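Visitor: So for the sequence shown, our numbering puts the first residue at 88; every next one is plus one. Even for Gly, the Cβ is constructed at its ideal location relative to N, Cα and C. Since the model is a prediction, treat every value here as computed from it, not as a measurement.
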Amino acid sequence: MKNIFLEETDDGPQLNFNFNDGVFEVKGTSMPEHPDEYYREVLTHLQIYVDDPTASKTTMVFKFLYFNTGTNPIIMRLLETLEKLMDKSHKVEVQWVYEHDDMDMKEVGEYFNALTQLDIKLFPIESID
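The following block contains the structure:
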């Protein structure tokens with residue numbers, strides 16, 4: 088399965104999905120006009136990966152500076168797909184990284200943690216660059 092890397096744009100985050108290593112990262116600002124279109128490739132490949140994971144552990148890292156309401160269901164779909172992987176007794180780690188003074192982003196991470204069976208770890212950092 089090919090890895091996916093998209094550079095951050097003015098309205099879309101950087102997507103770095105390494106299916107060989109099982110390490111996935113979404114980083115930056117997410118406010119694409121058509122979020123389903125922007126995230127389609129990673130969602131499709133993630134579902135294929137869940138059916139036959141190539142890594143013994145899967146790590147998903149979210150590093151959002153901001154995301155709009157259109158991105159909200161995309162995040163849920165990513166998390167729900169990872170839950171399916173966890174249900175197969177596969178080790179899944181989800182990290183929600185936020186700037187230490189961004190309490191709104193921290194609360195959003197807590198919100199997603201409460202909505203899923205995943206144990207989402209929250210990590211405050213100085214700056215998401």
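1) So what's Asn105 in DSSP terms, helix, strand or just coil?
2) Using 8 Å as the cut-off, can you tell me whether the stretch 101 to 119 makes contact with the stretch 131 to 138, which would need three or more C-beta pairs spanning the two stretches below that distance?
3) Which residues in the same chain as Glu95 place their Cβ atom closer than 8 Å to its Cβ, once the five residues preceding and following it in sequence are excluded?
4) Under 8 Å Cβ to Cβ from Lys171, same chain only, skipping five residues before and after it: list those, please.
5) If you draw a straight line from the C-alpha of Met34 to the C-alpha of Gly196, how long is it?
6) Run through the DSSP bridge pairs and tell me what Thr116 is partnered with.
7) What separation, rounded to the nearest whole angstrom, lies between the Cα atoms of Asp174 and Lys144?
8) Using DSSP's beta-bridge definition, name the partner residues of Met147.
9) In this structure, how does DSSP classify Lys208 when only helix, strand and coil are distinguished?
Guide: Let me lay it out:
1) strand
2) yes
3) Once the five neighbours on either side are set aside, the close Cβ partners of Glu95 are Gln101, Lys114, Gly115 and Thr116.
4) Val137
5) Limits of the chain in this structure are 88 at one end and 216 at the other, which puts residue 34 out of reach.
6) Tyr153
7) Straight-line Cα distance between these residues: approximately 13 Å.
8) Note: Met147 is bridge-paired with Phe111 and Val181 in the DSSP secondary-structure output.
9) Secondary structure of Lys208 (DSSP, three-state): strand.
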